[in-house]
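Notes follow once the structure below has been shown.
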Amino acid sequence: MNIATTRLFPAEAEPLRVPQRIAVVTDAWIPQMNGVVRTLSTTVRVLEDWGHDVTVISPDQFRSMPCPTYPEIRLAFTAPGAVGRRLAALAPDAVHIATEGPLGFAARRFCISKGVAFTTAYHTQFPDYVARRTGLPVDWFWRYIRWFHSPARRIMVATESIRSELRDRGLSRLHHWSRGVDLSCFTPDAPAPAEYADLPRPIQLYVGRVAVEKNLDAFLTLDTPGSKVVVGDGPALAELAERYPAVRFLGRRSGRELAGCYAGADVFVFPSRTDTFGLVLVESLACGTPVAAFPVAGPRDIVTAECGALSESLERAIAGALTCSSRDCARIGAQYSWEAATDQFRAGLVASGEVRATP
70 MNIATTRLFP
80 AEAEPLRVPQ
90 RIAVVTDAWI
100 PQMNGVVRTL
110 STTVRVLEDW
120 GHDVTVISPD
130 QFRSMPCPTY
140 PEIRLAFTAP
150 GAVGRRLAAL
160 APDAVHIATE
170 GPLGFAARRF
180 CISKGVAFTT
190 AYHTQFPDYV
200 ARRTGLPVDW
210 FWRYIRWFHS
220 PARRIMVATE
230 SIRSELRDRG
240 LSRLHHWSRG
250 VDLSCFTPDA
260 PAPAEYADLP
270 RPIQLYVGRV
280 AVEKNLDAFL
290 TLDTPGSKVV
300 VGDGPALAEL
310 AERYPAVRFL
320 GRRSGRELAG
330 CYAGADVFVF
340 PSRTDTFGLV
350 LVESLACGTP
360 VAAFPVAGPR
370 DIVTAECGAL
380 SESLERAIAG
390 ALTCSSRDCA
400 RIGAQYSWEA
410 ATDQFRAGLV
420 ASGEVRATP
């Protein structure tokens, strides 16, 4: 069974014709480095390879400022109606609003005012992230999420767990859009980084944003044998590097260098409790490295007993994952392709003139 191409739940509506000209509006874009940006940029590339005309409206096209507490993310400032005028000039066959930030908000407002159908995606556990950073009740932010997404003709979600959560929160019209991995880059034979040469085994690896919402303390405080390695950048990097001097922080890596970090490790540790999928999970598996994680959305939808272990005790999960076969991990990781995921995205788009969005 091919995990990436199997429909995990029924379609919410009959498929519509495939749009040719597609507008994607996102508050997360290059040069940011995170799962949302990798998903969107790769999806756009595959669509263009297939002959679609894709225009991305993103923060780099406007004046912007660093997001408070998260300066890598830029918040765009636009003149009233600027996003709407761009969409009107493009006259796309389909509009996809990828994020709930200022640009997404402006695109949503334009589409509703003009009766233009659009789709959205739920990429991150936005309410949990903001609640952790502000100390405010998470339900306050779920109200915004419900308000933002409810007019969408389809809301794209990556896993069954997130679909169930959104349904419980009052959102429907959900469409499955999985994720993929570059199988030409992320392979078990990727050369390990030089920094691994003298590290005691087992090497326990984390890859991703180094930020409070990733729950890295749950991993870095463990008293486990071997070495801990962190690959990535983020607002908590300096603080964590100071607090955990025994941990090797390698900074940001990409491409084949990143693949080598996965392939040379003995186990990939994913301490986050707030991800909707976790691209790093399938990247690690494609490189033959098993996953240890909490039994939460994302890991619960991807990790099986063949390729990792899930437990409320992260230490126990690491021990279990270390018994997995690298060959089984690589086989399961290879079932996720960007082409299959992009085909799911394309199937979920709605022709902008066919359905009127309502507030």
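Count along the sequence shown from 1, then add 69; that gives the number in the numbering used here. Glycine included, each C-beta is placed from N, C-alpha and C at the ideal position. None of the values given here were measured: they were computed from a predicted structure.
Contact check for residue 108 against residue 348 passes: the beta carbons are separated by less than 8 Å. Assignment of residue 335 by DSSP, reduced to helix, strand and coil, places it in the coil class. Beta bridge pairing from DSSP links residue 192 with no other residue. Straight across, the Cα-Cα distance linking residue 296 with residue 269 is about 6 Å. Note that the C-beta distance between residue 327 and residue 300 is below 8 Å. In this structure, residue 223 and residue 188 form a Cβ contact; the two beta carbons are roughly 5 Å apart against a cut-off of 8 Å. Annotation: the continuous alpha helix (DSSP H) that includes residue 113 extends over 104-118. Per DSSP, reduced to three states, the secondary structure at residue 278 is coil, with no helix or strand assignment. Residue range 296-300 is occupied by the beta strand (DSSP E) that includes residue 297. Annotation: residue 244 to residue 309 spans about 38 Å, alpha carbon to alpha carbon. Taking all protein chains shown into account, residue 183 has fewer than 16 neighbouring C-beta atoms within 10 Å of its C-beta and is therefore exposed. Between residue 386 and residue 379, the C-beta spacing is below 8 Å. For residue 243, no alpha helix (DSSP H) segment is defined; the enclosing uninterrupted segment is the beta strand (DSSP E) at 243-245. Nearest neighbour of residue 150 by Cα position, chosen from 167, 176 and 125, turns out to be 176. By alpha-carbon distance to residue 382, the top candidate from 420, 404 and 292 is 292. In the displayed model, residue 411 falls within a helix according to three-state DSSP. Of the candidates 247, 219, 227 and 253, the residue whose Cα lies closest to the Cα of residue 241 is 219. Distance from the CA atom of residue 211 to the CA atom of residue 238, rounded to whole angstroms, is 8 Å.
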